[in-house]
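A short worksheet on the structure shown next.
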Amino acid sequence: MRDQFIELHQERDLGQKLNATFAFLRQNFKPLFRCVLLYVVPFALLAGIFSGVYQSTQLRELSGAVQYSSWGEFSYSNSVNSVHYWVSLFFTLVSGVLLCLTVYGYMLEYRQNQGEVTPGAVWARAKSNFIPLLYSSVGVVVLCGLATLLLLLPGIYVTVALSLFGIVMLYEETGFLDTVERCFYLVKGHWWSAFGFLLLVMLLQGVIGFMGSLPAIVVYIFRILQLPGGDSDMLLIVASSFTTILSLVLYVISTTAVGFLYFDLVERKDGVGLLEQVNQIGTKPEVTASSY
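17 is the number of the first residue of the sequence shown in the numbering used here; add one for each residue after it.
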């Protein structure tokens, strides 16, 4: 028997949004993570490998294991190592954008097709929106960074509002400026509830992520203290790759939570779900919504 369909367009309090987030992930664990494995993990793996190479070189230099015979050799080594850093950063950005598109694309397909989702349909949404969201993500990071540099509190306000950027752009098919304006419109009057919900989700995600990062932390400690096994570059790369992939996959939790926050705010502001239910009266049987 198919699991009960979870209505996305619905007003929910903090506890209900949290329950709906984990209920949705539990219900869709296999198909959703299959999409993440296909479209996100390969790029996360590349980010982890390059990050591991970069960190390995940095730790060797800090421990004094690397000695340079000339300034030219030092400059060349750091130039190459910087390439590893920037390539890792690029693949991390690509992975993050693809994760947003995969999760939100899945949620939109889930809503549109009453719970029936195929990886091909999710990929079609991700592929068509990848470049616009990739460019826009850089702009969002710049906006949040500038707001934080000016004053901490405005930075937090902007960051919470723009956390909705990805799903607004994908679902409402808006440009950069319209999406930014829409994000601030949605959180207006509901910022504190949005902040509290996102803070709680990030704390839960952080606890899980810390447990998963323990292997990498142990390797770093062994390397810094020059304990047996700590000098293995391969071990450090493997540990770094594992931590990078795990951290990114765990962002499925907060990304899904932002999706439910978005639909909650849209319902409070525009009443889209209620209007759709009214329009469906007399045309077809009403879909049973989950109690989450």
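C-beta atoms are modelled at their ideal positions from N, C-alpha and C, and glycine is treated no differently.
Buried versus exposed call for residue 129 [16 or more other C-beta atoms within 10 Å across all chains shown] | exposed
Use the C-beta contact count for residue 132: other C-beta atoms within 10 angstroms, 16 or more gives buried, fewer gives exposed.
-> exposed
Measure the beta-carbon distance from residue 111 to residue 67 and round it to whole angstroms, keeping in mind my assumption that it falls under 8 Å.
-> With a Cβ gap of about 11 Å, residue 111 and residue 67 do not count as contacting.
Can you tell me whether DSSP reads residue 28 as helix, strand or coil?
-> coil
Have a look at residue 280 and residue 230 and give me their C-alpha separation to the nearest angstrom.
-> 35 Å
Thinking C-beta only, is residue 100 closer than 7 Å to residue 55?
-> no
From residue 35 to residue 285, what distance separates their C-alpha atoms?
-> 22 Å
Nearest residue (CA-CA) to residue 187, options 144, 260, 214 | 144
Only counting runs of 4 or more residues, tell me where the alpha helix (DSSP H) segments fall wholly within the region 134–201, in order along the chain.
-> 135–166, 168–178, 181–188
Residue 22 lies in the alpha helix (DSSP H); which residues open and close that run?
-> Run containing residue 22: none; DSSP gives neither H nor E here.
Where residue 140 falls, given that 16 or more other Cβ within 10 Å makes a residue buried = exposed
Within 10 angstroms of its Cβ, does residue 261 collect 16 or more other Cβ (buried), or is it exposed?
-> buried
Would the beta-carbon of residue 269 fall within 7 Å of that of residue 221?
-> yes
Proximity below 7 Å, CB of residue 316 to CB of residue 150 = Here the chain has residues from 17 to 308 only, and residue 316 is not among them.
Distance, Cα to Cα, residue 92 vs residue 236?
-> With a pLDDT of 44 at residue 92, under the threshold of 50, the predicted position of this residue should be treated as unreliable, though the coordinate-derived value follows. Distance between the alpha carbons of residue 92 and residue 236 is about 25 Å.
Is residue 278 closer than 7 Å to residue 180 when the C-beta atoms are compared?
-> yes
Consult DSSP for residue 229 and reduce its assignment to one of helix, strand or coil.
-> coil
Can you name the start and end residues of the alpha helix (DSSP H) that residue 52 belongs to?
-> 45–55
Distance, Cα to Cα, residue 90 vs residue 153?
-> Residue confidence is low: residue 90 scores 48 on pLDDT, short of 50, so the model does not pin down where it sits. Its coordinate-derived value is still stated next. Those two C-alpha atoms are separated by around 34 Å.
For residue 33, which three-state DSSP category applies?
-> helix
Nearest candidate by alpha-carbon position, reference residue 116, set 206, 30, 43, 146 = 146
Distance, Cα to Cα, residue 102 vs residue 53?
-> 24 Å
Identify whether residue 281 lies in helix, strand or coil by the three-state DSSP scheme.
-> helix
Beta carbon of residue 15 nearer than 7 Å to that of residue 51 | Within the shown structure, residues of the chain are numbered from 17 to 308, placing residue 15 beyond reach of any answer.
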